[in-house]
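Protein chains in written order, with this note's numbering: chain E, 1 to 306; chain V, 1001 to 1110.
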């Protein structure tokens, strides 16, 4: 393969491997017809990135039209599961941002933040339980799938997720030992080195979560489920989406409550004002929740239409 | 398991444009892009074209022929012709009503 051919082939790297195998060669011939020996322009490159990612999402079974009602139920449920992944990441960010907030707001005087926090925790836990029940419902089908020889198709996903989570699990030990020797101030932004190490570990944690979700989606796409089990999964997905709505609303209420009753907790400064509480980690956490809600609403719409 | 209708929608949807182009004979990607640009004034990029080709093939509305020098032609199937005919009838009904209400004369298609 010449340098130019290699460059052209790399244009299609955003597409799923199976798609490239089927359409890659003729698509490269088309690109050759369209632009000749010239360089691929930015517009073409961006268009191929967009369409390639769309094909990946379609290939993963989370978007695109379905051939049947059952396929719509399945895809809707998987879309809600992917949204839950975004919520787990958001939840971790929210939990970190809300750490020890109760010391800043006397519950007897202003109960709103504590009530909102309890609602977030309760519905977050309920979401986790719904996901576990979904896994149990799919369990027998998953075992049948493995017995039928599906492991080679899942192996790459599982190994990738295992390696990344293994790294995250191993690295947490030295990180915790290091944190033990630091002051509160150093642990919360005072030490740049510790901050960078924590962020790297958090990124591994997020990657691990995303990869395990990819495993679940890969299994969910292929596992054979009875009509009853599929309806149960769809019902659980709708319940999970509802829990996500409650968690998002309660998080915003908590944020507003803290902004009114204890702005200094959010700003990290004594005498902060309610207008200075646009705390970046909270913005990211709630932003992820909103993205998750948007994704789950697409899934629920698919389920309801089916 | 109930099957859904093919996902053809508006006249400018790439699948409708591709089926229209293939209605007068098989074509490969580059010929499709040139033909669609000529009759509809729409320039399909490689990503949009192959996204639509993949969907149409999946739904059995077109089928691939043997490749010629890396370029694979596609032809419309009987199901594709039926789906395109349905779209053409729907578009004709809407355009006829629109023209009548606006007092326009559409004339013969060229």
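Note that CB positions come from ideal geometry on N, CA and C, so glycine has one too. As the structure is a prediction and not an experimental result, all values here were calculated from the model.
Exercise for the section: Pick helix, strand or coil for residue 194(E), following the three-state DSSP scheme. Expected result: helix
Problem - residue 208(E), buried or exposed, once every other Cβ within 10 Å from all chains shown has been counted against 16 - result: Around the beta carbon of residue 208(E), a 10 Å sphere encloses 16 or more other beta carbons of the protein chains shown; the residue is thus reported as buried.
Problem - Cα-Cα separation, residue 206(E) to residue 90(E) - result: Here the alpha carbon of residue 206(E) sits roughly 10 Å from the alpha carbon of residue 90(E).
Practice task
Pull up the CB-CB distance for residue 237(E) and residue 141(E), whole angstroms please, since I reckon it's below 8 Å.
Solution key: Not quite, the Cβ-Cβ distance comes to about 16 Å (not below 8 Å), so this is no contact.
Practice task
Can you tell me the Cβ-Cβ gap for residue 194(E) and residue 182(E), rounded? I've got them flagged as a contact below 8 Å.
Solution key: 6 Å
Handout entry: Collapsed DSSP secondary structure at residue 13(E) in the structure displayed
Key = coil
Handout entry: Any C-beta of chain B under 8 Å from that of residue 232(E)
Key = The structure shown contains no chain B; the protein chains it does contain are E and V.
Practice task
In angstroms with no decimal places, state the Cα-to-Cα distance between residue 110(E) and residue 263(E).
Solution key: Going by the C-alpha atoms only, they are around 13 Å apart.
Handout entry: Any chain V beta carbon closer than 8 Å to residue 7(E)
Key = Not flagged as an interface residue toward chain V: residue 7(E), since no C-beta distance is shorter than 8 Å.
Exercise for the section: Identify the continuous beta strand (DSSP E) that holds residue 1064(V) and give its terminal residues. Expected result: 1062-1064
Exercise for the section: Would you tell me roughly how many angstroms separate the C-alpha atoms of residue 113(E) and residue 41(E), rounded to the nearest one? Expected result: Approximately 52 Å between the Cα atoms of the pair.
Handout entry: residue 1068(V) - DSSP class collapsed to helix/strand/coil
Key = Taken through DSSP and simplified to helix, strand or coil, residue 1068(V) comes out as strand.
Exercise for the section: Determine the extent of the beta strand (DSSP E) in which residue 1075(V) is found, giving its start and end residues. Expected result: 1074-1076
Exercise for the section: Within 10 angstroms of the Cβ of residue 274(E), are there 16 or more other Cβ atoms? Answer buried if so, exposed if not. Expected result: Low confidence applies to residue 274(E): its pLDDT is 49, below 50, so where it sits in the model is not reliable enough to give any reading.
Problem - Contact list for the stretch 22-42 of chain E against chain V, Cβ threshold 7 Å - result: Listed by position along the chain: 23, 25, 26, 27, 29, 30, 31, 33, 34.
Handout entry: Contact set for residue 318(E): own chain, Cβ-Cβ below 7 Å, skip 5 residues either direction
Key = Shown here, chain E extends from 1 to 306; a query on residue 318(E) therefore has no answer.
Exercise for the section: Taking 8 Å as the cut-off, decide whether the C-beta atoms of residue 77(E) and residue 303(E) are in contact. Expected result: Yes, they are a contact pair.
Practice task
Would you list, in chain order, the members of the stretch 1059-1081 of chain V that have their beta-carbon closer than 7 Å to a beta-carbon of chain E?
Solution key: 1067, 1070, 1071, 1072
Exercise for the section: Check residue 68(E) in the structure and name its three-state DSSP category. Expected result: strand
Problem - Straight-line Cα distance separating residue 224(E) from residue 150(E) - result: C-alpha of residue 150(E) to C-alpha of residue 224(E): approximately 12 Å in a straight line.
Exercise for the section: Take every Cβ of the stretch 129-139 of chain E, pair it with every Cβ of the stretch 276-296 of chain E, and state whether three or more of those distances are shorter than 8 Å. Expected result: no
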